[in-house]
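Novice: Counted from 1, the sequence shown has number 151 at position 80 by our numbering; the numbering is strictly sequential.
Idealized CB from N, CA, C, for every residue including glycine.
No experiment lies behind these values; they were computed from the predicted model shown.
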Amino acid sequence: MADSSQENIGITISNHLLLNQQLSTGATGSYTRLLQALVLACKIIQRDVAKAGLVDVLGRAGTINVQGEEVQKLDELANTTVKRRLSASGECCGLISEEEADIIEIPRQYPQGNYLVHFDPLDGSSNIDANVSIGTIFSIYRRITPATNDMDLQDALQRGVEQVGAGYVIYGSSCILVFSTGQGVNGFTLDPSIGEFLLSHPNIKTPARGKIYSINEGNYSYWDEPTKKYIDYLKNGYAEHKTNYTARYVGSLVADFHRNLLYGGIFLYPADLKDPKKPHGKLRLMCEANPLAYIVEQAGGLATSGRERIMEVEPRYIHQRTPLIIGSPEDVRLYQEFVEGRRS
Ligand code: AHG
Ligand code: MN
Ligand code: MN
72 MADSSQENIG ITISNHLLLN QQLSTGATGS YTRLLQALVL ACKIIQRDVA
122 KAGLVDVLGR AGTINVQGEE VQKLDELANT TVKRRLSASG ECCGLISEEE
172 ADIIEIPRQY PQGNYLVHFD PLDGSSNIDA NVSIGTIFSI YRRITPATND
222 MDLQDALQRG VEQVGAGYVI YGSSCILVFS TGQGVNGFTL DPSIGEFLLS
272 HPNIKTPARG KIYSINEGNY SYWDEPTKKY IDYLKNGYAE HKTNYTARYV
322 GSLVADFHRN LLYGGIFLYP ADLKDPKKPH GKLRLMCEAN PLAYIVEQAG
372 GLATSGRERI MEVEPRYIHQ RTPLIIGSPE DVRLYQEFVE GRRS
């Protein structure tokens, strides 16, 4: 047995958060406590996901959520876990979950804090039973209404540029937590033998251009013309690069996004012109597009709705959907050339 006193386990996420706090003038520790509550929630969800096949948490919960989607048992479990941990942190004034119609109030037995979190408790739920990577996505804001009142829609409907932090966890071959508080992007991998997230991907920067495009080609006939032309262009090996792109699509946004963030490339979920349920696409602005847009911009990438920068989209309601085109800057800019008619 190696002498553990000599073992160098590297930087834990707790070290990283406390160092960040020491470097932030005037920091009170509130934000650190909020992030630590999120980390604990993700460890609990990872535990539940890892044993999903062994206990009765696979399959459908038998209910339909506010999105009109079948709720999986693990969706409910993850949702409850995030709500409990964030409420107990005493740092939140309210929560907004993809799984619930309205703002979630913090139970009165807990202190009311100054932060609110939009979250997708389990992203890629359709993949759970097939053991394909899934994840949790979160987006953090400060409240803007007086602390004497309950949090309201004015707090919940802030543009993505107002985020003070965002991140995601992937429950896959390993459990990786990637987040940013505005000073770059760092990735931490869970070491289950000690139950700690250890810094594994410091200061992530996404490549300027990739060779991967991610889109559900089954929806081809529903796309707008610029999207069709762009994807056709990638597939036909365009002139100046003479290289075809590779298609990679997992069907879990966090998994597709994380791969493209590290390897380079572009993910697209455009508007669906024929599905009245998805005229603005399928993905949610507040708990999917904005947090990943925050991360990708911190890593040097871009995120657009096709019309505007994702983080500048004006939210009108909490479960608003948006087309999402996100990834390497040169790839997203090339897509924009098709949208703006500068290329056909
Ligand atoms: P969620 O499981 O939180 O509802 O998210 C599923 C999303 C996203 O993870 C993925 O990119 C997209 O659905 C896949 O949609 P299609 O199956 O329509 O391609
Ligand atoms: Mn999702
Ligand atoms: Mn979800």
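1. Closest to Lys282 by C-alpha separation, out of Leu333, Phe259 and Lys300, would be which residue?
2. If you measure between the beta carbons of Gly377 and Pro341, is that distance less than 8 Å?
3. Return the chain-ordered list of same chain residues with a C-beta closer than 8 Å to the C-beta of Glu60, the five sequence neighbours on each side being excluded.
4. Would you kindly work out how many angstroms separate the C-alpha atoms of Ser292 and Thr393, rounded to a whole number?
5. Taking 6 Å as the limit between beta carbons, can you name the residues of its chain near Val120, skipping five residues before and five after?
6. Can you tell me whether DSSP reads Gly352 as helix, strand or coil?
7. Beta-carbon within less than 6 Å of Asn86's beta-carbon, same chain only, minus the 5 sequence neighbours each way: which residues are those?
8. So Glu267 is in the alpha helix (DSSP H); what residue range does that whole segment cover?
9. Check Leu89 in the structure and name its three-state DSSP category.
10. I need the straight-line Cα distance from Glu385 to Arg330, nearest angstrom please.
11. Does the stretch 194–214 come into contact with the stretch 286–301, if we say contact requires no fewer than three beta-carbon pairs (one atom in each stretch) closer than 8 Å?
12. So is Tyr388 buried or exposed if we call it buried at 16+ other beta carbons inside 10 Å?
13. Using only the heavy atoms of ligand 1, determine whether one of them is closer than 7 Å to the beta carbon of Glu169.
14. Can you check DSSP and say which residues form a bridge with Phe338?
15. Span of the alpha helix (DSSP H) holding Tyr365?
16. So, with DSSP's three-state summary, where would you put Ser168?
17. Ends of the beta strand (DSSP E) at Cys246?
18. Would the C-beta of Glu359 count as close to ligand 2, meaning under 7 Å from any of its heavy atoms?
19. From what residue to what residue does the beta strand (DSSP E) around Arg155 run?
20. Quick one: grab the DSSP three-state call for Thr134.
21. Out of Phe268, Glu171 and Val367, state which residue places its alpha-carbon closest to the alpha-carbon of Ala279.
22. Excluding the five sequence neighbours on either side, which residues of its own chain have a C-beta within less than 6 Å of the C-beta of Ser160, listed in chain order?
23. At which residue ranges does the stretch 190–257 contain complete beta strand (DSSP E) runs of 3 or more residues, listed in the order of the chain?
24. Hey, quick one: how far does the alpha helix (DSSP H) through Leu373 stretch, first residue to last?
25. Out of Asp173, His189, Leu111 and Glu169, which one is the CA nearest neighbour of Gln196?
26. Helix, strand or coil: which one does DSSP assign to Tyr406?
27. Which residue's Cα is closest to the Cα of Thr216: Tyr186, Gly236, Val235 and Ala123?
Specialist: In this structure, then:
1. Leu333
2. yes
3. Outside the shown range of the chain (72 to 415) lies residue 60, about which nothing can therefore be said.
4. 19 Å
5. Tyr242
6. strand
7. none
8. Where Glu267 is concerned, there is no enclosing alpha helix (DSSP H), although the beta strand (DSSP E) it sits in stretches over Glu267 to His272.
9. helix
10. 28 Å
11. no
12. exposed
13. yes
14. Ser285 and Ile397
15. Asn361 to Gln369
16. strand
17. Cys246 to Ser251
18. yes
19. Arg155 -> not in any beta strand (DSSP E); alpha helix (DSSP H) instead, spanning Lys144 to Ser160.
20. strand
21. Val367
22. Arg104, Leu105 and Ala108
23. 205–213, 236–242 and 246–251
24. Careful: Leu373 lies outside any alpha helix (DSSP H), inside the beta strand (DSSP E) at Leu373 to Thr375.
25. It should be noted that the sequence gives Ser, not Gln, for residue 196. Minimum Cα distance to Ser196 is reached at Glu169.
26. helix
27. Tyr186
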